[in-house]
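What follows is one structure encoded as structure tokens, with my remarks underneath.
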Amino acid sequence: MRKAKLLKVFLTIIIITLATFPIIMSNVSWPTFTRDYLFVNALNETGASNTVSSIYLGYRLMDTLGETLVLFVAITGTMSILLNLHKHELESVKTQSTLVPEKRVKNALRTNLVEVVASKLGPIILLFGLYVMLFGHISPGGGFQGGVIFASAIVFLVLATDVKTKITNSHVLERIEAISFISLILITTYVIFFPEGFFSTIDIGSSFLSAGIIILLNIIIGIKVGTSIAVMIIAMMGGKHDN
Amino acid sequence: MNPDSLLLTPIFLPLLAASIVLTSKSFLPVKARRFSEYFGILIGLLMPIIFVLLLYPYVINQGSLFLVIGSYTPKIGIVYKFDSLSLVMIVLTNLLTLPAWIYSRTVGPSQSYFTALILIQSATIAAISMTNDIFNLFVCLEVMGLIAYVLISSKQEKNAVFAAFNYMMYSSSSMVFFLLGSFGLYRLTGSLSYQEITNALLNLSSKELNIALICLLLMIVPILLRVAIMPLSNWLVGAHSKAPHAVSALLSGILIKIPLFVLVRVFSISPILKNLTFPLAYIGSATALIGVIFALSQSDAKKLLAYHSISQIGYIITAWAMALNVGIDTTPGAILLIAALFHTFSHAIFKGLLFLSIGTATDAAESRDVYKIRGVNSILSQKGERFPITMICFLVGALSIMAIPPFNGFFSKTLLTYYLKPSINYTILSIAGVGTVASFIKLSRIFLPNKQIKEQTKEFSKEKFPFSIHLSLIILALLALLTGIFSQNIFELLENMFISTSKRPINKTIFFSQANIIKTLYTVLGGVLLFVIATSKVGSKVLHKLKGIKTDFTDQYFHFAITITLLSYFLFV
Amino acid sequence: MIIERVLIFLIFITGFIGLIGVKNIIKKIIGLSLLNSSIVLLFILEASRIGDHAPILVGQEKNIVDPVPQALMLTAIVIGVCVTSLSLAMAVRLYKTTGSLDITIIKERIENES
Amino acid sequence: MNILLLSLILCLSIFSLIAKDLLHAVIALSAISILSALLFTFLKAPDVAITEAAVGTGVSTIIYVWAIRHTKRKDGDK
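Okay, here's the thing in structure tokens:
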């Protein structure tokens, strides 16, 4: 029985090796057509000098929309499991690991160091997240990355006990998320039906606003991603949350 | 009106509706939330049907509509192509999601995120039915998959969570192979859209072409996994039988068939892929037969239905593969494709009906064992059901799946097997039909009256039976009956869409021919006979052995590898 | 060049072995993450062979690397993380209700009860 | 340089699968993410590097650690 199973595993791996090895090892030269096309046209067509951004939010906007939906669905699923985590729980596996402020005192491993560092670093990371979000079209970065950094800054602020702001309240965050979701859908619809964009018609002359709609999309995606991830992690740390 | 802008409405309207539902969830009180959900369903599921039907004349006249998202060059932007296949898929999805949603209102999952998720699912299916880009296909498949995992585990019962976990690991690891395949194709052809890849494949050397074919194979097998063709169907039984009833109806009815029709597009990339269609037809017939045999051996009512889903998908795969083998541009191929689509449609209706009515019955009886439940009617009347609507609806579904006129199953199965006649597939599918009858006789026994219960309860309870259950069941039963009665018209409508006027066959298909009626009679008689054999001592011993066969997590990957080997053998040799 | 590809292939196979050969479900999820990141590495590595500059059009350097795979991989990474988070939540839920992380034991315990 | 980083990643990935302590495995996984991010910067893909660093090292490690806190650390037989 055990031998048969090992044989099966072995055969599976051999077959997968045979199927994937030629693809990974193939020595064909990489196609350059897209690169050359984008080098000439990307800046004119989308206004972003970061070509990755112009593909991500311009040429392949539908993929990005799908990715945002994937994130939304995954977080919805994780949250619905998190809310019912202790339903029908076995007695033998109960754990009391929450980082809610009231329970922190009992947690022996926790030191003041975390609180001090987190409260000082939080705002700085928040600012950095905003920077990555806003300058996604001319430098590396973009809405998604900025949003994740934003979320980690919010988590830092939650960890620091003495900072109590609206931005660490998961109800407020959820409302922001809902509004950003609806505006993301509306803006994507607008972009796809009217591909010219509405910033591109105004000639401001500065490099910051050159990308028009891409900046707007970066901001909205950043807020959406940041708030939803922050809500999930706050719930994971044991923060209160009701449906 | 510009048709290009209408084309994206089935994607964006459900998304808009989903975002409205979510916004109202976090801002409005509970009552207003309910209202916003009804509103969301109205604009997200019903409006797109109207908009898509407005496109019908364009499809008839032009064949297909192309749209590059954002009006970029089609070499880099994402190309969407709307044709008759997309139209049928979108209408089917939106129409049949509705009864499942209505059912979920009282039985659950009834949270507002459930509404949002099925709206997003409808949008994804619209996108997947139109996309002509392999990476976009990957993203859409992942969204569809993730929604399925979340929906299956939405009640947090441990066996449902385990089934969802198993499905998730299996399917998302196979999607990694899909990603690898798209890497290989991009590297060889420098493009991601089907059209460009087809053109570029013509200029490759034979060695490069072989690598491209392996890449295509690695993309096809994960999609076949979602369709649950036989060696890859282990995940389905757990996932579809443990999920909440409304979700089971959705999954079995719609979600497993959409990838199959997406494959029609993928198969058009390279003509060499035609080598695969003939073996796939045989695998499909085998799936139909083996699925029925396993269904006969089950004692869990919902597992029995899940095995029937596998079996019916086998019918569809056979017709679909033969259609691709003949070529969907030719008349017989197009008719086979129509037959596959028609059977998909009727299977979605009657399987939804069966899952919902059996779900109601098993919930009331608080057991799922076919051998133990008896007298469901009296149990249900205790719960406040005045008139046995559940039983009648179940019988409609059962007669439909057994292919007995005048319900839709008869017409679609007749159409499907009629064009397969000379081949061995026809014989196998006919035998599978006999098994279907036998297993449904077994399942119907749960409605047999039970004397013990009847004597206990003379007094009527004042409880009110939830209206939404009856509404959803009646909608589906009426659909089953109406599509049966008007099957000739539906068939002609589909013919208009898929076959150009010059190629249309002159003689019409006759459903009520003598041979068909006699065949139905024989099938029913054979089914009764098989049922008697199966309940005898020898039969039940064999079936018990079959029920004991178990597969674990690792075996699934072994089956995955075997499928790759088998298909690559047929592709290259 | 060949050594790099072989190494990526070995990472891929390691992930696959982790997925099918190890019984602990959290390790299975780790294997899935490895599979995903090996594909990401492969895409980026191969796409970088045609240029010497990052795909940001600041100067006039013509030989930038191919930006399309990078944009695709952003999506792929995010999808990978989403799958990881959902499956980890499910794993925790399974542990809470069955008391084990071993996939065969979990299956046994679930089947025994129903 | 690429070869060095890739072989480090390979070693860490093998370690993460054979480690008896799940927390060690997760730390190895997050080290893999950091090393991949480094590799991506060498391969002229700064966007992917930022994403990998933020997502792979940040979010996914947090979720892994959360999962391990709620289950158990040892990968033993039970």
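Protein chains in written order, with this note's numbering: chain E, 194 to 436; chain W, -9 to 563; chain F, 1100 to 1213; chain Z, 4 to 81.
Where a beta carbon is used, it is the ideal one built from N, C-alpha and C, also for glycine.
In chain order, what residues of the stretch 38 to 63 of chain Z put their CB closer than 7 Å to some CB of chain E?
-> Pro49, Asp50, Ile53, Thr54, Ala57, Val58, Gly61, Val62
What are the start and end residues of the alpha helix (DSSP H) that includes serine 74 of chain W?
-> 74 to 97
Separation of isoleucine 31 of chain W from threonine 105 of chain W, as counted between CA atoms = 8 Å
If we call anything under 7 Å between Cβ atoms a contact, is serine 289 of chain W one with valine 360 of chain W?
-> yes
Express the C-alpha separation of valine 427 of chain W and alanine 285 of chain W in angstroms, rounding to a whole number.
-> 11 Å
Expressed to the nearest angstrom, what Euclidean distance is found between the alpha-carbon atoms of valine 211 of chain W and isoleucine 500 of chain W?
-> 37 Å
CB contact check: tyrosine 547 of chain W to chain F, cutoff 7 Å = yes
Which whole-angstrom value describes the C-beta separation of isoleucine 380 of chain E and proline 1166 of chain F, a residue pair presumed to lie in contact below a C-beta threshold of 8 Å?
-> At roughly 23 Å, the Cβ-Cβ gap does not stay under 8 Å, so isoleucine 380 of chain E and proline 1166 of chain F are not in contact.
Where do the ends of the alpha helix (DSSP H) carrying phenylalanine 56 of chain W lie?
-> Phenylalanine 56 of chain W -> not in any alpha helix (DSSP H); beta strand (DSSP E) instead, spanning 54 to 58.
Of the listed residues W/Asn193, W/Asn156, W/Leu203, nearest to leucine 175 of chain W (C-alpha basis) | W/Leu203
4-residue-minimum alpha helix (DSSP H) runs that sit fully inside the stretch 119 to 196 of chain W, ordered along the chain = 124 to 142, 148 to 179, 184 to 191
What separation, rounded to the nearest whole angstrom, lies between the Cα atoms of tryptophan 310 of chain W and glycine 425 of chain W?
-> 22 Å
Can you have a look at glutamine 111 of chain W and say buried or exposed, based on whether 16 or more other CB atoms are within 10 angstroms of its CB?
-> buried
Out of curiosity, what's the CA-to-CA distance linking alanine 138 of chain W and glycine 98 of chain W?
-> 16 Å
Just confirm the distance between the C-beta atoms of serine 19 of chain Z and isoleucine 1129 of chain F, as a whole number of angstroms; I'd bet it's less than 8 Å.
-> 6 Å
Can you tell me the Cα-Cα spacing of alanine 153 of chain W and asparagine 398 of chain W, whole angstroms?
-> 32 Å
Classify histidine 1152 of chain F as helix, strand or coil using the three-state DSSP reduction.
-> strand
DSSP beta-bridge partners for isoleucine 1163 of chain F?
-> F/His1152
Taking buried to mean at least 16 other C-beta atoms within 10 Å of its own C-beta, is cysteine 205 of chain W buried or exposed?
-> buried
Are there three or more Cβ pairs, one per stretch, closer than 8 Å when the stretch 1200 to 1210 of chain F is compared with the stretch 1137 to 1153 of chain F?
-> no
Please find out if some non-hydrogen atom of the ligand FAD comes closer than 6 Å to the beta-carbon of isoleucine 204 of chain W.
-> Inclusion of the ligand FAD in the displayed structure is not the case, the ligand content being empty and no account of it being possible.
Three-state class that DSSP yields for phenylalanine 391 of chain E in the structure shown | Any answer about phenylalanine 391 of chain E is weak, because its pLDDT of 48 lies below 50 and its placement is not dependable; what the coordinates show is given next. Reduced to three states, the DSSP call for phenylalanine 391 of chain E is coil.
Chain W partners of arginine 253 of chain E, CB-CB under 7 Å?
-> Ile68
Cross-chain neighbours of alanine 344 of chain E in chain F, by beta carbon under 9 Å | Those do not exist, as alanine 344 of chain E stays about 12 Å from chain F at its closest Cβ, beyond 9 Å.
Residue from E/Ile318, E/Pro333, E/Ile331 whose Cα sits closest to the Cα of phenylalanine 349 of chain E | E/Ile318
Can you tell me the Cβ-Cβ gap for valine 49 of chain W and methionine 487 of chain W, rounded? I've got them flagged as a contact below 8 Å.
-> 6 Å
Report yes if the C-beta distance between isoleucine 187 of chain W and asparagine 126 of chain W is below 7 Å; otherwise report no.
-> no
Tell me, please, whether the CB atom of serine 191 of chain E is closer than 7 Å to any CB atom in chain F?
-> Since the displayed chain E opens at 194 and closes at 436, residue 191 of chain E lies outside it and no answer follows.
Taking DSSP as the reference, what is the three-state secondary structure of valine 69 of chain W?
-> strand
Is lysine 65 of chain W close to chain F, meaning its C-beta is less than 7 Å from at least one C-beta of that chain?
-> no
Along chain E, which residues have their Cβ under 7 Å away from the Cβ of isoleucine 65 of chain Z?
-> Ile426
Closest to isoleucine 382 of chain W by CA distance: which of W/Ser258, W/Gly281, W/Ala470 is it?
-> W/Ala470
Beta-bridge pairing of asparagine 234 of chain E - partner residues as DSSP gives them | Bridge partners of asparagine 234 of chain E: none, in fact.
Can you list the residues of chain W that aspartate 256 of chain E reaches, using a CB-CB cut of under 8 Å?
-> Ile68, Phe125, Asn126, Val129
Tell whether a beta-carbon distance below 7 Å holds between glycine 339 of chain E and methionine 326 of chain E.
-> yes
Nearest-angstrom Cα separation, counted from methionine 159 of chain W out to lysine 1206 of chain F = 15 Å
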